[in-house]
Amino acid sequence: MAMGLALVVIFRAGRAGKSVCFQLPPLCRRGQRCALVISPLISLMQDQVHTLRQRQIPSTHCGSGGDSFCWSAVTSGHYRVVYMSPEFALGHLAEIAGVRQALCVLAIDEAHCISAWGHDFRPVYQQLGRLREVLGQVPTMCLTATCTKEVRHDIQRSLGLSDCVHIVGPMNRPNLKYIVQPRRTFEEDLTHIFGLSSHGSERVIDNTQIEPTSSTIVYVQTKARCEELAALLSRAGVAAASYHAGLPMQDRRDIHRAFLMDELQVVVATIAFGMGIDKASIRRVIHYGAAHSLESYVQQCGRAGRDGEDAECITFFKPQDLQEAKTLILQGSKANDEHSRHLLLLHSKLAAFLADSSQCRRVRLLQHFGEEPQRLNSEPQEPRKGECIQVGSLPACCSWCDVCQARKLPITNSPEDGDFTQECRILLQCVSACGGFTGSALPCALAAGQLVDKLKARNLHRHPAFGSGRHKAHSWWKAFLPHVLRAGFLEEKPAKLANGLSYAALSVSEQGLRRMRSTDQSAFFRISPVPSDLAAPPPKPAPVVLRSPAVAPEVASAVQRSESGGADSLDIKKQELYRRLSHVRQQWMRRLDIMGESLVSNPVLRMLAEIRPSSVRVAQQTVPGLPQLRTEPLASLLEALVSEVNKMCREHFLPQQTEPRADPDDRPPKFRRLPTTFGTAVSGTPTAETLASAFSEASDAACNRQDARTCDASPPEATSAESGGESGPQAQSDDWLALLDT
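Those letters in the sequence shown? Residues -16 to -1, 1 to 726, by mature numbering (1 follows the signal peptide of the UniProt record, and there is no 0).
Okay, here's the thing in structure tokens:
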């Protein structure tokens, strides 16, 4: 990066390459330079430092609970990456100024915390402009996964970044399935998902696909609900633990480690602390209650499927959860009323997302961040799961959310349009009658004509608006109100009760008042497509008479393929082999106390199941991306994996790769001089994904060249070359220069 350069990088949550952006520069520079990274989460810093050290990249973190820090270790070139909390950095500006010449980049992670118009504003982050002034011409990089255009420009203004380059990646995560369901009771909601039983039993954690025993994070709003839900799961035989601010630091570390090492299946976390958990193979994220905004929802869902495999994001909510979230927003807001109103606006968009069961979930998320679905003139023959497409004027669809999968024909549904002008006028009159000092419940009761005590106390049961919307049920008005709020005819403002508690008071906006005063009777409020909870009840279907028990052709064909041992049968056996290889890796992970994907990644395990090498030598020459595990006990892991392959092939008579290919490197010649552990060629313009893959594999190469030496946090007394060879950070940097030369 050029001196003085400033970047704002926005990549989707979920291993899209944000960390690689600031981890690469110190590894690629020939001088022994260091990246200074500002991060708000202690647990996330600990996890990233742990991962870097396993890859033989010297790193540390400073802050509450951080390592004791030696500033001379930065100037001597010992560390490649140093993480700091913003509080620690702002409290040590003089020391940081003293090591300025040893820094190659200042990276500010979770940069949306800088902006007062973001969903997670932190005042201490706004002071980071002082740190940038101290560092002078050191390049600055701001990174976030959830950031609108307005927040991007606010970040640039707050830090004083004059010449700033914005790099914005796609937001879509095609492997995530979004599901919204009504919340009932713990037992009703979670029994099917986790396969709970009353007697409980020992469960083996399985993250090869979405299973009842897959690793899961459950987000809740309060510590009480956190502990209650964790206890329920534990009684049912699920290895679960609560994770919140009330736990001692050491307990949180132990829970985090147990979850990473597959000793715990479920972590039930409050939203504030769950974001520090970083595990690639999480197959499920559950929101038990409403998030605070679409931005926080996307970030929390981003914990799932970071290994690229399918994962699901399930939200259980009921209307009371939305009100509870509003209360928590207002009580937790440390800014002024204007900022509180902004947070309530963000929450209203989340409420509309949850309540709308007519529009594709993924489309609504992407449109919030300024992206649109791909437009096509005709329906594709094979729509790709998780990719948003729109054919002509028909509703956009992703085929991988609860809304799209509930449609019989995901893409060819006819668009529906509803005129709700009359209902909008009724609701505006009812909100106005309540005086602008109540929540949403009272206007809905007034419209439906429900004689509740609060209406009587205010004498509103005698108001002309009472019962004006009797043709709709009270539940219908509660579902309709968020649509009117989102359209701008209503607004919410922070208010306080007599006891000092905050709440969101509903009133008619200026736009709504103009509509109420207007004599124009033309339609002004339409919803397209009409959500299911606002649509008229469907007519009762005619009885269906089954005239023939004939089997559908698709079913017969599937049975024939299964009986003949065709392609589907082979795919099932490959999946079973992948599962067995994952269990072998899990056993070694616990034995070595190293995260599984730091040993062998999921794509490599899938290639082992696909190629099925008969020996270690064949595996090393035919499986792309397989680390050259020359040292014990890692070499024994590869032997165990190949042994499991041979065992499965003998049991099921599966063909195997017995000889190495004539030319195992199918990449273009210019890439063949890269380290052999680069399993995937970086062709064309490198993307964040390809750089991230190369980063992981080249780190393995650096690890092997240094004979898997342990990299601890303390700076060495002296740096020397072993056996006359090159070692240390410089040797690691050379692995990266080959990548840059391409």
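Backbone N, C-alpha and C define an ideal beta-carbon position, used for all residues, glycine too.
Three-state secondary structure assigned by DSSP to residue i
i, result
"Cys113", "The sequence shown places Gly at residue 113, not Cys. Gly113 falls in the helix class under three-state DSSP."
"Gln358", "strand"
"Lys161", "strand"
"Lys477", "strand"
"Ser332", "helix"
"Arg601", "helix"
"Ala224", "strand"
"Thr422", "strand"
"Gly1", "coil"
"Cys408", "helix"
"Cys385", "strand"
"Cys97", "helix"
"Thr192", "coil"
"Cys18", "strand"
"Thr396", "Because the pLDDT at Thr396 is just 41, under 50, the model does not fix this residue reliably, and the point stays unresolved."
"Arg563", "helix"
"Gln495", "helix"
"Ile373", "strand"
"Thr197", "coil"
"Leu592", "helix"
"Ala489", "strand"
"Ser23", "coil"
"Gln570", "helix"
"Ser342", "coil"
"Ser43", "strand"
Cα-Cα separation, residue i to residue j
i, j, result
"Gly230", "Lys207", "8 Å"
"Pro448", "Gln165", "37 Å"
"Lys161", "Phe53", "43 Å"
"Leu621", "Leu334", "46 Å"
"Val347", "Ser324", "27 Å"
"Ala(-11)", "Pro196", "45 Å"
"Thr124", "Arg64", "16 Å"
"Ala593", "Gly286", "27 Å"
"Lys558", "Asp517", "43 Å"
"Tyr281", "Lys310", "15 Å"
"Leu327", "Gln315", "12 Å"
"Arg225", "Val204", "One point to set straight first is that residue 225 is Ala, not Arg, in the sequence displayed. Going from the Cα of Ala225 to the Cα of Val204 covers about 13 Å."
"Arg136", "Trp101", "10 Å"
"Phe464", "Val202", "29 Å"
"Met155", "Gly451", "45 Å"
"Gln640", "Cys97", "52 Å"
"Asn630", "Ala264", "28 Å"
"Val492", "Ile266", "44 Å"
"Gln32", "Ile410", "55 Å"
"Gly453", "Cys428", "9 Å"
"Arg498", "Ala519", "27 Å"
Per DSSP, the bridge partner or partners of residue i
i, result
"Thr130", "Answer is none; Thr130 lacks a bridge partner."
"Val204", "Thr254"
"His150", "Val(-9)"
"Arg510", "Asp403"
"Met500", "DSSP lists no partner for Met500."
"Pro166", "Phe301"
"Met29", "Beta-bridge pairing links Met29 to no other residue."
"Thr124", "Ala(-11) and Leu90"
"Gln641", "Pro597"
"Ser620", "Answer by DSSP bridge pairing: none, since Ser620 is not bridged."
Buried or exposed (CB count within 10 angstroms, at least 16 for buried), residue i
i, result
"Glu279", "buried"
"Met233", "exposed"
"Gly1", "buried"
"Asp104", "buried"
"Ala619", "exposed"
"Gln85", "exposed"
"Phe421", "exposed"
"Arg510", "exposed"
"Lys369", "exposed"
"residue 729", "Only positions -16 to 726 of the chain appear in this structure, which leaves residue 729 out of reach."
"Lys133", "exposed"
"His276", "buried"
"Leu481", "exposed"
"Lys462", "buried"
If you scan the region 45 to 92 from start to end, which runs of the beta strand (DSSP E) of 3 or more residues do you find wholly inside it?
65 to 68 and 87 to 92
What are the complete alpha helix (DSSP H) segments, minimum 4 residues, inside the region 431 to 464?
437 to 441
Continuous alpha helix (DSSP H) assignments of at least 4 residues falling wholly in the region 245 to 325:
255 to 258, 278 to 285 and 303 to 316
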